[in-house]
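Each residue of the sequence shown is one higher than the one before, counting from 2 in the working numbering. Ideal Cβ placement from N, Cα and C applies to all residues, glycine included. As the structure is a prediction and not an experimental result, all values here were calculated from the model.
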Amino acid sequence: MTQYFSRRRFLEGTAAAALAAPVAAAANDKINVGFIGSGGRGYYLMERLYARSKEVAAVAAVCDAYTGNLARGVKRVETMGGNTPKTYADYRDLLADRSIDAVFIASPEHLHCEMLLDALKAGKHVYCEKPLAHDIEEGERILRAAEGVKNVVQVGTQNRSNPVYIKARQMVEAGMIGEVHFVRAFWYRNSLDDAPAWRYAIPADASEHNVDWARFLGPAPKRPFSKERFFQWRLYWDYSGGISTDLLVHQTDITHFVLGKTVPLACMASGSILRWKDDRDCPDTMSVVLDYPGMQLSYSCYFGNDHYGYGEQFMGNEGTIEVLNRQTLNFYPEKFGGKAPARVAARGESSETLPAGDARSVEAHIANFFAAVRGQEKLIAPLEIGQNAAISGHIATLSQAKGQKVYWDANTRKIRTA
Ligand SMILES: NC(=O)c1ccc[n+]([C@@H]2O[C@H](COP(=O)([O-])OP(=O)(O)OC[C@H]3O[C@@H](n4cnc5c(N)ncnc54)[C@H](O)[C@@H]3O)[C@@H](O)[C@H]2O)c1
Numbered sequence: 002m003t004q005y006f007s008r009r010r011f012l013e014g015t016a017a018a019a020l021a022a023p024v025a026a027a028a029n030d031k032i033n034v035g036f037i038g039s040g041g042r043g044y045y046l047m048e049r050l051y052a053r054s055k056e057v058a059a060v061a062a063v064c065d066a067y068t069g070n071l072a073r074g075v076k077r078v079e080t081m082g083g084n085t086p087k088t089y090a091d092y093r094d095l096l097a098d099r100s101i102d103a104v105f106i107a108s109p110e111h112l113h114c115e116m117l118l119d120a121l122k123a124g125k126h127v128y129c130e131k132p133l134a135h136d137i138e139e140g141e142r143i144l145r146a147a148e149g150v151k152n153v154v155q156v157g158t159q160n161r162s163n164p165v166y167i168k169a170r171q172m173v174e175a176g177m178i179g180e181v182h183f184v185r186a187f188w189y190r191n192s193l194d195d196a197p198a199w200r201y202a203i204p205a206d207a208s209e210h211n212v213d214w215a216r217f218l219g220p221a222p223k224r225p226f227s228k229e230r231f232f233q234w235r236l237y238w239d240y241s242g243g244i245s246t247d248l249l250v251h252q253t254d255i256t257h258f259v260l261g262k263t264v265p266l267a268c269m270a271s272g273s274i275l276r277w278k279d280d281r282d283c284p285d286t287m288s289v290v291l292d293y294p295g296m297q298l299s300y301s302c303y304f305g306n307d308h309y310g311y312g313e314q315f316m317g318n319e320g321t322i323e324v325l326n327r328q329t330l331n332f333y334p335e336k337f338g339g340k341a342p343a344r345v346a347a348r349g350e351s352s353e354t355l356p357a358g359d360a361r362s363v364e365a366h367i368a369n370f371f372a373a374v375r376g377q378e379k380l381i382a383p384l385e386i387g388q389n390a391a392i393s394g395h396i397a398t399l400s401q402a403k404g405q406k407v408y409w410d411a412n413t414r415k416i417r418t419a
């Protein structure tokens with residue numbers, strides 16, 4: 002079994018008392034932001050930050066382990082923000098910069114825990130990309146470290162800031178689909194033979210001279226330099242939980258939001274590498290059944306056909322709410338073979354598509370983070386929410402790896418396999 006499942010490398014203790022107090026941002030000062038990771042996501046988060054929160058925050062520092070992405074991040078700030086940010090090779094040096102109020106962590110999954118704990122210690126507010134951490138224990142450790150601290154921490158599960166899901170939740174609360182005991186969720190993708198899933202392009206200039214391999218590895222097992230692992234980290238257990246923590250967590254999280262659930266009770270999952278047979282660890286095909294109190298969620302993901310795209314179907318006994326591609330909300334009342342009660346029959350079918358769904362959600366999620374830093378709004382995705390979503394992903398990864406049902410005990414906050 003890979004390191005992902007055997008690793009128990011606990012990071013140093015973090016007593017709340019030892020933490021630096023976060024800087025209170027005055028309402029008319031811009032919040033100074035540092036980016037840790039300016040790869041695909043970090044760059045995109047910067048764009049979304051400037052699109053909506055330019056008056057509220059400024060990117061003052063960027064840190065990245067590949068000089069090409071560092072330079073791209075700096076350029077993004079210069080063109081969209083009009084300033085040249087400070088650059089850092091080591092995120093700890095960025096955290097030591099007292100002019101930085103908040104950090105965005107957009108590094109690979111296996112680095113989140115260490116970076117987040119260090120950011121809390123340094124008194125920074127944090128927007129941390131999902132999944133919260135690389136395994137359940139890391140996430141629990143973050144929750145414990147954050148107890149009683151004043152730092153604002155938003156987890157990057159932006160679907161919660163998407164009006165389409167907010168509407169879906171309101172419809173469920175209004176009783177439009179009756180009781181909901183079953184949900185289907187799926188994410189299907191495809192690509193041509195010469196563009197295998199998650200085999201992102203490796204920059205032509207990348208080498209040991211401009212890629213900081215040791216800092217990328219961080220707490221992961223030591224290995225010789227590998228461009229594939231650095232730029233395609235999602236394919237390897239040492240750095241990623243694969244489909245479960247990269248994709249599924251978005252959809253379990255939003256199911257929790259729409260239906261008012263918190264964590265699953267158990268999971269049975271099966272995953273295989275069927276479409277992209279290269280040296281990857283993580284499956285390209287996965288089916289997952291998650292049991293919740295009073296509800297079951299059936300999830301599937303496959304990287305060899307994208308006909309059905311991305312969606313969640315909340316199947317109530319009086320109707321169905323279907324959200325497709327995070328943008329379209331379809332509502333279908335149950336027909337009961339032509340014998341629907343009048344109150345159900347009166348609910349007409351509807352379909353609504355919102356413009357630029359995910360980009361706007363990310364902008365709103367970031368804006369909410371800054372408003373929470375200023376004490377003006379309640380945080381939409383605090384740590385517990387991020388950990389709940391991550392738990393569903395981690396038990397799916399464990400179940401498929403062990404070939405066994407995995408249970409989550411919410412009282413002891415531990416997993417068990419029987
Ligand atoms: N919320 C969403 O919809 C969403 C979408 C995409 C990615 N993500 C998340 O964002 C995170 C980053 O994913 P990505 O697609 O941008 O990956 P990426 O590989 O494109 O970017 C990661 C960046 O981190 C840098 N890096 C690696 N080690 C570092 C270190 N020690 N210090 C500083 N920088 C370091 C890399 O050089 C790279 O630029 C992941 O957690 C991923 O799950 C979230």
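Cα-Cα separation, arginine 42 to alanine 107: Cα to Cα, arginine 42 sits roughly 6 Å from alanine 107.
Tyrosine 311 beta carbon less than 8 Å from that of tryptophan 188: Judged by beta-carbon spacing, tyrosine 311 lies within the 8 Å limit of tryptophan 188, meaning their Cβ atoms are closer than that value.
4 or more residues per run - each alpha helix (DSSP H) lying fully within the region 58-94: Within the region 58-94, the runs of alpha helix (DSSP H) that reach at least 4 residues and sit entirely inside it are, in chain order, 68-82.
At least three beta-carbon pairs within less than 8 Å, the region 148-157 to the region 373-382: Yes, the region 148-157 is in contact with the region 373-382.
beta-carbon serine 108 near ligand 1 non-hydrogen atom, thresh 7 Å: A heavy atom of ligand 1 is found nearer than 7 Å to the CB of serine 108.
Straight-line gap, lysine 340 to glutamate 319 (C-alpha atoms, nearest Å): Going by the C-alpha atoms only, they are around 12 Å apart.
Buried or exposed by the 16-neighbour rule on C-beta atoms within 10 Å, applied to serine 100: Under this definition serine 100 is an exposed residue.
Under 8 Å between C-beta atoms of leucine 260 and valine 165: Contact check for leucine 260 against valine 165 fails: the beta carbons are separated by 8 Å or more.
Start and end residues, beta strand (DSSP E) containing alanine 186: 181-189 is the span of the beta strand (DSSP E), which, as asked, contains alanine 186.
Contacting residues, own chain, Cβ-Cβ under 7 Å from threonine 354 (five flanking each side not counted): Within its own chain, the residues whose Cβ lies closer than 7 Å to the Cβ of threonine 354, once the five positions on either side in sequence are excluded, are Gln328 and Thr329, listed in chain order.
Where valine 264 sits in the DSSP three-state scheme: Note: valine 264 maps to coil in three-state DSSP.
Residue range of the alpha helix (DSSP H) that includes arginine 142: Per DSSP, arginine 142 is one residue of the alpha helix (DSSP H) stretching across 137-147.
Length of the line joining the Cα atoms of leucine 193 and leucine 275: Within the model, the alpha-carbon separation for leucine 193 versus leucine 275 is close to 15 Å.
Alpha carbon of glutamate 209 to alpha carbon of valine 374, nearest angstrom: Each residue's alpha carbon lies about 38 Å from the other.
Proximity below 8 Å, CB of valine 264 to CB of isoleucine 392: For valine 264 and isoleucine 392, yes; Cβs fall inside 8 Å.
Where threonine 246 falls: helix, strand or coil (DSSP): Helix, per DSSP.
Spatial neighbours of alanine 16 in its chain, beta-carbon cut-off 8 Å, leaving aside the 5 residues before and after: With a pLDDT of 38 at alanine 16, under the threshold of 50, the predicted position of this residue should be treated as unreliable, and no value is reported.
Any non-hydrogen atom of ligand 2 closer than 7 Å to isoleucine 381 Cβ: Absent from the structure shown: ligand 2. Ligands present: ligand 1.
Own chain, CB closer than 7 Å to alanine 66, minus 5 neighbours either side, in chain order: Around alanine 66: Val212, Asp213, Arg216 and Phe217.
Rounded separation between proline 294 and leucine 266 - CA only: A direct Cα-to-Cα measurement between proline 294 and leucine 266 gives close to 7 Å.
Within the region 282-367, ranges of the alpha helix (DSSP H) (whole runs, at least 4 residues): Runs of the alpha helix (DSSP H) inside the region 282-367: 343-346.
Which of helix, strand or coil DSSP assigns to methionine 2: A caution first: methionine 2 carries a pLDDT of 30, below 50, which makes its placement in the model unreliable, though a value can still be read off. Three-state result, methionine 2: coil.
From Phe332, Glu141, Glu138 and Arg161, residue whose alpha carbon lies closest to that of glycine 358: It is Arg161.
Cβ-heavy atom distance, asparagine 70 to ligand 1, below 7 Å: Result yes, Cβ under 7 Å from ligand 1.
Separation of isoleucine 416 from phenylalanine 304, as counted between CA atoms: For phenylalanine 304 and isoleucine 416, the distance between alpha carbons rounds to 29 Å.
Glycine 43 Cβ short of 7 Å to ligand 1 heavy atom set: Yes, Cβ of glycine 43 sits closer than 7 Å to a heavy atom of ligand 1.
Alpha-carbon to alpha-carbon, serine 351 and alanine 62: When rounded, the distance between both Cα atoms is 46 Å.
Ligand 1 heavy atom lying under 7 Å from the CB of serine 245: Outside the cutoff, so no.
Of the residues Val290, Gly176 and Asp410, the one placed nearest threonine 253, counting alpha carbons only: Of the candidates Val290, Gly176 and Asp410, the one whose C-alpha sits nearest the C-alpha of threonine 253 is Val290.
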